[in-house]
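Novice: Sharing a structure below in structure tokens format, with a few things to ask.
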Amino acid sequence: MRLHPAVLAIAFLFPLTAAAQARAQTLTPPPTEEQIKAAAALPFRDPSLPIEKRVDDLVGRLTLEEKVSQLIDRAAPIPRLDIPAYNWWNEGLHGIARSGFATMFPQAIGNAATWDAPLLHSIGEVVSTEARAKYNDAIAHNNHDRYFGLTIWSPNINIFRDPRWGRGQETYGEDPFLTARLGTAFVQGIQGDDPKYFRAIATPKHYAVHSGPESTRHKANVDPTPHDLWDTYLPAFRATITEGHADSLMCAYNAIDNVPACASKMLLGDILRGDWHFNGFITSDCGAIGDFSEPYGHHYSTDFAAGSAAGILAGTDTDCGTEYLKLTDAVHKGLLTEAQLDVSVKRLFTARMKLGMFDTPNVVPFSSIPYSVVDSPEHVALALRAARESLVLLKNEDRFLPLDPAREKTIAVIGPLAGSHIALEGNYNAIPLRPILPIDGIEQEFGHEHVLYAQGAPYIMGGELPVPRTMLGLPTNPPGVPTSLSGSGLYADYYAHGGFEGLPAFSRVDRQIDFDWAFANPVEPRDTITQAFAVRWIGTFAAPVPETLNLQLRLPFCYPCGGKVKFAFYLDGKQLVPDAPPSLTTNKLPPSGRNYGAIQHFNIPFADTRPHDIRIEYIQTARIPGSGIAFEWSPRHELLQDLAVAAANKADVVVAFVGLTPRLEGEEMKVDAKGFSGGDRTDINLPDVQQEMLEAVAKTGKPMVVVLLNGSALAVNWAKDNARALLEAWYPGQSGGQAIAETLSGKSNPAGRLPVTFYSGIDQLPAFDDYSMANRTYRYFKGKPLFAFGDGLSYSTFSYTDLKLSTKTLNAGDPLTLEADVKNTGSIPSDEVSELYLIPPQSSVSPKLALAGFQRVHLNPGETRHITFTLDARTLSQVDEKGIRAVTPGNYKFSLGGSQYDGDTASSVQSVTFTIIGGKQLPR
Numbered sequence: 001m002r003l004h005p006a007v008l009a010i011a012f013l014f015p016l017t018a019a020a021q022a023r024a025q026t027l028t029p030p031p032t033e034e035q036i037k038a039a040a041a042l043p044f045r046d047p048s049l050p051i052e053k054r055v056d057d058l059v060g061r062l063t064l065e066e067k068v069s070q071l072i073d074r075a076a077p078i079p080r081l082d083i084p085a086y087n088w089w090n091e092g093l094h095g096i097a098r099s100g101f102a103t104m105f106p107q108a109i110g111n112a113a114t115w116d117a118p119l120l121h122s123i124g125e126v127v128s129t130e131a132r133a134k135y136n137d138a139i140a141h142n143n144h145d146r147y148f149g150l151t152i153w154s155p156n157i158n159i160f161r162d163p164r165w166g167r168g169q170e171t172y173g174e175d176p177f178l179t180a181r182l183g184t185a186f187v188q189g190i191q192g193d194d195p196k197y198f199r200a201i202a203t204p205k206h207y208a209v210h211s212g213p214e215s216t217r218h219k220a221n222v223d224p225t226p227h228d229l230w231d232t233y234l235p236a237f238r239a240t241i242t243e244g245h246a247d248s249l250m251c252a253y254n255a256i257d258n259v260p261a262c263a264s265k266m267l268l269g270d271i272l273r274g275d276w277h278f279n280g281f282i283t284s285d286c287g288a289i290g291d292f293s294e295p296y297g298h299h300y301s302t303d304f305a306a307g308s309a310a311g312i313l314a315g316t317d318t319d320c321g322t323e324y325l326k327l328t329d330a331v332h333k334g335l336l337t338e339a340q341l342d343v344s345v346k347r348l349f350t351a352r353m354k355l356g357m358f359d360t361p362n363v364v365p366f367s368s369i370p371y372s373v374v375d376s377p378e379h380v381a382l383a384l385r386a387a388r389e390s391l392v393l394l395k396n397e398d399r400f401l402p403l404d405p406a407r408e409k410t411i412a413v414i415g416p417l418a419g420s421h422i423a424l425e426g427n428y429n430a431i432p433l434r435p436i437l438p439i440d441g442i443e444q445e446f447g448h449e450h451v452l453y454a455q456g457a458p459y460i461m462g463g464e465l466p467v468p469r470t471m472l473g474l475p476t477n478p479p480g481v482p483t484s485l486s487g488s489g490l491y492a493d494y495y496a497h498g499g500f501e502g503l504p505a506f507s508r509v510d511r512q513i514d515f516d517w518a519f520a521n522p523v524e525p526r527d528t529i530t531q532a533f534a535v536r537w538i539g540t541f542a543a544p545v546p547e548t549l550n551l552q553l554r555l556p557f558c559y560p561c562g563g564k565v566k567f568a569f570y571l572d573g574k575q576l577v578p579d580a581p582p583s584l585t586t587n588k589l590p591p592s593g594r595n596y597g598a599i600q601h602f603n604i605p606f607a608d609t610r611p612h613d614i615r616i617e618y619i620q621t622a623r624i625p626g627s628g629i630a631f632e633w634s635p636r637h638e639l640l641q642d643l644a645v646a647a648a649n650k651a652d653v654v655v656a657f658v659g660l661t662p663r664l665e666g667e668e669m670k671v672d673a674k675g676f677s678g679g680d681r682t683d684i685n686l687p688d689v690q691q692e693m694l695e696a697v698a699k700t701g702k703p704m705v706v707v708l709l710n711g712s713a714l715a716v717n718w719a720k721d722n723a724r725a726l727l728e729a730w731y732p733g734q735s736g737g738q739a740i741a742e743t744l745s746g747k748s749n750p751a752g753r754l755p756v757t758f759y760s761g762i763d764q765l766p767a768f769d770d771y772s773m774a775n776r777t778y779r780y781f782k783g784k785p786l787f788a789f790g791d792g793l794s795y796s797t798f799s800y801t802d803l804k805l806s807t808k809t810l811n812a813g814d815p816l817t818l819e820a821d822v823k824n825t826g827s828i829p830s831d832e833v834s835e836l837y838l839i840p841p842q843s844s845v846s847p848k849l850a851l852a853g854f855q856r857v858h859l860n861p862g863e864t865r866h867i868t869f870t871l872d873a874r875t876l877s878q879v880d881e882k883g884i885r886a887v888t889p890g891n892y893k894f895s896l897g898g899s900q901y902d903g904d905t906a907s908s909v910q911s912v913t914f915t916i917i918g919g920k921q922l923p924r
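Heads up: the sequence shown begins at 1 in full-length UniProt numbering, then just goes up one per residue.
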């Protein structure tokens, strides 16, 4: 959507007319008892009737104005027919988002690294099950707000064609086949298999040919070649519609062939509803209809009425925005007829009926899902499994990993990502109730007494970080605090109301103050309505050196929150006055780019390094769109680096957590830092200050393991050459810290594979705004990558034997079966990802090779598994210059193994050749 995070979208996305409309909806009187009784007897309420007849009856009773009110994402209530308001906008990319605590899985790019389609199906099931639980609770509380509906605007199946794109983290990577298989599994998991009702509705996005840059997405026109359109950009959409049967789809901001995607009759009519027989509804990306006619947009329509008519006539049924409110004028002006408008209105009410929204709960099987399923033990276990499966081991020199406790007795954990909450999340994330940071996972796995911790560097030069646990101490025997407490952190009392009167609801030790409570209540998570609460932290703060420190309290998700939140900082019993009055936006944009939330800055001179008593208080008196608090500092990077070097000198091994955060890469955001622009990146290197830290620590001579947390490929050339081991962890979700630690210890054996190519630098890439696939992704890249698509190591070894085909001579259009045996030749249990690639006859547009199948299997030591791939005509086909897909004659090769085929006969990757006779054109 247009702005990130959600709180920004709430504040800025819609013009004042939207706010006025929201107020009008709030003031709309509820239906009377007579209206409720009368509506219950109408045909559209009769579940025994065909949905088409029910929808016709309902829409036939609406006025033009009432119809128009249903065509924006915040559909208005119609009390006279007992039709409640409905908000079409919900997010569930890797956990149901922005509606209180929920199970948070790895970011989509991490889920793609599992190469596990059944797992993606299970994740989709959890997302929609928790969405249903929240919806049921919301309806019980008469809550019809955004993020509590059943239309989930996920998955993002755009092709991650260039690592500079900030939103690439939301995708399943660079390959159309992998994206199609994972996206289809996720869609099917979201929607369920009930013959009458959807559990929820999935919305593949953004259709089509959308993958950055963020800075030009509202006005960019993309003219892909017919080959690239049908070979790269459309296959995953086709699969999620024709195989996954997604009932919704989101059109993109950009134009194609000089027509905005949401007004494209070619995309939405000819292809989607024509070739693919899509019968669901289409929603615009947020603000995309306004882009038709706004000055910075496409200049496609003269005004909002004309633009809205164009959207409806092309097939975009609902507008995330308010421009469609001009459709009443458009009808009166003759720009479209009311009958044409009815088509979209009927599609939307059809979806609501398929979700059971007009039927009594006793006939809808999902209406009984309780709120207790949210973050249930089963869901937590699945998030841990996903995190384990997502980890990709890229280097393991001389089998340095797993770490040996007898050899590596003391571990120095360094790097800004080791204690970073946001680095678990990614964007479009759920809010985890019990996130496990990397430092916490390592301390739990290896023992606190064996771990040293230093932040080492900020994320970027001059940036802020959470105040680390190494500077925080527990209080010494204050009244009411248990005397048995030990370790670092602050003691916290949590109150179930907006103040500190009475007894706290519970108390605990918080290792740091860095909380995301957006739309969530830490005191009462089992509720869809965020209530008032308060938290008081007490303990000590010790400066690492005697100097003036820049500290700050930030409410990173609080917009708007004026008057509803108070927070304060006390040092040695005295409340400190911030350097500038707290404000909702700061005049100076911080290096992180987070120009939202209330901030209090404190420049405090410390003459010593002794512990000073501190108290921090947070009070929330009412529901707000988002909440959370962070206690941060902006230290000199030299100081952080010195502390990391000191920790390394005391340790036997260094584990460095470096990478990016979703506040550096993401959706249309402002970041004032080298290497970043508008949410995208201008280079793909590790931020300079983190790279300097790695090199400084390496000079200690201690062996180093580098763990990457990021949403896109990094050119980590130095780490590849100098680290003993390199582990890619992505944004790993709520259990990421545990999964990483268990992988370092060997309790979990890594088997993830890269879903994207890691290049050595942007000099290997075409221009970012060049949408041609020439020299992009593993299929067309002509150079030598840093790490290849499909790369990933294990602590075990595998062999492939008895590779055979059902025939060596295939008639075009017939299916082909490939079989082989895969054996775990190592000494420990492990998953193996078998990758099958098709190497076609080479032409001017054919890929070097293309993924044609994959399976993730678990094998015990010495175990052999027989695996089978059935290849249909579409998998064996190619797309020519004109965009025509066909099975073509010639000599082909398959390669099968744990990575790409590189032509090395000594490789464990096996290959087999076959011939296709004749040709067969396939449907679009």
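Don't be surprised by glycine CBs; every beta carbon is placed ideally from N, CA and C. Computed from a prediction, not measured in an experiment: that's the story for all the values here.
1) For K67, count neighbouring C-beta atoms within 10 Å of its own C-beta (all shown protein chains included) and say buried if the count is 16 or more, exposed if not.
2) Can you name the residues that DSSP bridges to M250?
3) Identify the continuous alpha helix (DSSP H) that holds E34 and give its terminal residues.
4) Is Y233 helix, strand or coil by DSSP?
5) Which stretch, first to last residue, makes up the beta strand (DSSP E) that contains H379?
6) On the three-state DSSP scale, how would you describe E174?
7) What did DSSP end up calling N136 once you bin it into helix, strand or coil?
8) Could you tell me which residues DSSP pairs with M704 in its beta bridges?
9) Taking I762 as the reference, which of S772, E547, D404, L786 has the closest Cα?
10) Identify the residues that DSSP records as bridge partners of A820: which are they?
11) Could you give the distance in angstroms between the alpha-carbon of I436 and the alpha-carbon of G456?
12) I need the DSSP call for R23, collapsed to helix, strand or coil.
13) How long is the line joining the alpha carbons of R385 and R856, rounded to whole angstroms?
14) Using a Cβ-Cβ cut-off of 7 angstroms (strictly less than) and excluding sequence neighbours within five positions of G315, which residues of its own chain qualify?
15) Quick check: the Cα distance between P50 and M353, rounded to an integer number of angstroms?
16) Using 8 angstroms for Cβ pairs, my map puts K702 next to A648. What's the rounded Cβ distance?
17) If you scan the stretch 420 to 448 from start to end, which runs of the alpha helix (DSSP H) of 4 or more residues do you find wholly inside it?
18) Compare the C-alpha of V535 against each of P546, R508, F519 and name the closest.
19) Taking three-plus beta-carbon pairs below 8 angstroms as touching, is the stretch 660 to 670 in contact with the stretch 354 to 369?
20) Of all the options P204, G244, P176, which has the alpha carbon lying nearest to the alpha carbon of L229?
21) What first and last residue would you give for the beta strand (DSSP E) that runs through K893?
22) Is P163 close to the ligand MN? I mean its beta-carbon at under 6 angstroms from any heavy atom of the ligand.
23) Within this structure, are the beta carbons of F358 and R45 separated by less than 7 angstroms?
24) Is the beta carbon of F914 closer than 7 angstroms to that of K808?
25) Determine the extent of the beta strand (DSSP E) in which T350 is found, giving its start and end residues.
26) Going by DSSP, what residues sit across from F631 in a beta bridge?
27) Taking only the alpha-carbon atoms, compute the straight-line gap between L325 and P79 and give it to the nearest angstrom.
28) Count the other C-beta atoms from every protein chain shown that fall within 10 angstroms of the C-beta of H858, then say buried if there are 16 or more, exposed otherwise.
29) Using only alpha-carbon positions, find the residue among V655, P260, E443, S488 that is nearest to H206.
30) Relative to the alpha-carbon of L640, which residue among A812, P815, P475, A454 has its alpha-carbon at the smallest distance?
31) Between F768 and D398, is the Cβ-Cβ spacing less than 7 angstroms?
32) Suppose the cutoff is 6 angstroms on Cβ atoms and the five residues either side in sequence are ignored; what does the same chain contact list for L744 look like?
33) Would you list the residues sitting across from T915 in a DSSP beta bridge?
34) For L234 versus P204, is the C-beta distance shorter than 7 angstroms?
35) For D683, I'd like the list of residues in its chain whose CB is within less than 7 angstroms of its CB, leaving aside the five on either flank, ordered along the chain.
36) Tell me whether E832 is buried or exposed, calling it buried when 16 or more other Cβ atoms sit within 10 Å of its Cβ.
Specialist: Let's see:
1) Mapped onto the sequence shown, residue 67 falls at position 67. Its Cβ being crowded by 16 or more others within 10 Å, K67 is buried.
2) Position 250 of the sequence shown holds residue 250. DSSP lists T283 as partners of M250.
3) Translated into the one-based positions of the sequence shown, residue 34 becomes position 34. Looking at the DSSP string, the run of the alpha helix (DSSP H) that includes E34 is 33 to 40.
4) Locating residue 233 in the sequence shown gives position 233, where the first residue counts as 1. Helix, per DSSP.
5) Counting from 1 along the sequence shown, the entry for residue 379 is found at position 379. Where H379 is concerned, there is no enclosing beta strand (DSSP E), although the alpha helix (DSSP H) it sits in stretches over 377 to 390.
6) If you number the sequence shown from 1, residue 174 lands on position 174. E174 falls in the coil class under three-state DSSP.
7) Counting from one through the sequence shown, the residue named residue 136 turns up at place 136. Three-state DSSP puts N136 in a helix.
8) Position 704 of the sequence shown, counted from the start, is the residue given in the question as residue 704. Residue pairing by DSSP places M704 opposite V654 in a beta bridge.
9) To locate residue 762, count along the sequence shown from 1; it is residue 762. Checking every option, the nearest Cα to that of I762 belongs to L786.
10) Here residue 820 refers to the residue found at position 820 of the sequence shown. I867, per the DSSP bridge assignment.
11) The sequence position of residue 436 within the sequence shown is 436, counting from 1. The sequence position of residue 456 within the sequence shown is 456, counting from 1. One C-alpha to the other measures close to 20 angstroms.
12) As a working note, residue 23 is residue 23 in the sequence shown. Per-residue confidence for R23 stands at a pLDDT of 47, beneath the threshold of 50, marking its modelled position as unreliable; no derived number is given.
13) As a first step, residue 385 is located in the sequence shown; it is residue number 385 there, counting from the start. As a first step, residue 856 is located in the sequence shown; it is residue number 856 there, counting from the start. Their backbone Cα atoms lie some 13 angstroms apart in a straight line.
14) Within the sequence shown, the letter at position 315 stands for residue 315. Excluding positions up to five away in sequence, the list reads L268, G269, R273, I282.
15) One-based indexing of the sequence shown puts residue 50 at position 50. One-based indexing of the sequence shown puts residue 353 at position 353. Separation of P50 and M353 (C-alpha to C-alpha, rounded to the nearest whole angstrom) is 10 angstroms.
16) Translated into positions along the sequence shown, residue 702 becomes position 702. Translated into positions along the sequence shown, residue 648 becomes position 648. With 8 angstroms as the limit, K702 and A648 qualify as a contact, their Cβ atoms being about 5 angstroms apart.
17) 422 to 425, 438 to 446
18) Within the sequence shown, residue 535 is the residue found at index 535, counting from 1. For V535, the nearest C-alpha among the options comes from R508.
19) In short, these stretches do not touch, since the Cβ pair count stays below three.
20) Counting from 1 along the sequence shown, the entry for residue 229 is found at position 229. The shortest Cα separation from L229 among P204, G244, P176 belongs to P176.
21) As a working note, residue 893 is residue 893 in the sequence shown. K893 -> beta strand (DSSP E) spans 890 to 897.
22) The model on display carries no ligand, and the ligand MN is accordingly not part of it.
23) Here residue 358 refers to the residue found at position 358 of the sequence shown. Here residue 45 refers to the residue found at position 45 of the sequence shown. Cβ distance < 7 angstroms, so F358 and R45 count as in contact.
24) Working through the sequence shown from its first residue, we reach residue 808 at position 808. Working through the sequence shown from its first residue, we reach residue 914 at position 914. Their beta carbons are under 7 angstroms apart, which means K808 touches F914 by this criterion.
25) Walking along the sequence shown from the start, residue 350 turns up at place 350. Per DSSP, T350 belongs to no beta strand (DSSP E); it is in the alpha helix (DSSP H), 338 to 354.
26) As a position in the sequence shown, residue 631 is number 631, starting the count at 1. Answer is L553, bridged to F631.
27) For the purposes of this step, residue 325 is identified with residue 325 of the sequence shown, where counting begins at 1. For the purposes of this step, residue 79 is identified with residue 79 of the sequence shown, where counting begins at 1. Whole-angstrom Cα-Cα distance: 19 angstroms.
28) Numbered from its first residue, the sequence shown carries residue 858 at position 858. Exposed: under 16 other Cβ atoms inside 10 Å.
29) Translated into the one-based positions of the sequence shown, residue 206 becomes position 206. Proximity to H206 across V655, P260, E443, S488 peaks at P260, based on C-alpha coordinates.
30) Residue numbering aside, residue 640 sits at position 640 when the sequence shown is read from its first letter. Taking L640 as reference, the option from A812, P815, P475, A454 with the minimal CA-CA separation is A454.
31) The sequence position of residue 768 within the sequence shown is 768, counting from 1. The sequence position of residue 398 within the sequence shown is 398, counting from 1. Cβ atoms of F768 and D398: not closer than 7 angstroms.
32) As a position in the sequence shown, residue 744 is number 744, starting the count at 1. Answer for L744: L403, listed in chain order.
33) Taking the first residue of the sequence shown as 1, we reach residue 915 at position 915. The partner list for T915 (beta bridge, DSSP) reads T809, N891.
34) Taking the first residue of the sequence shown as position 1, residue 234 is located at position 234. Taking the first residue of the sequence shown as position 1, residue 204 is located at position 204. No, Cβ-Cβ distance for L234 and P204 is not below 7 angstroms.
35) Position 683 of the sequence shown holds residue 683. Here the set comprises G675, I762.
36) Walking along the sequence shown from the start, residue 832 turns up at place 832. Burial is judged here by how many other beta carbons sit within 10 angstroms of a residue's own beta carbon; E832 has at least 16 and is buried.
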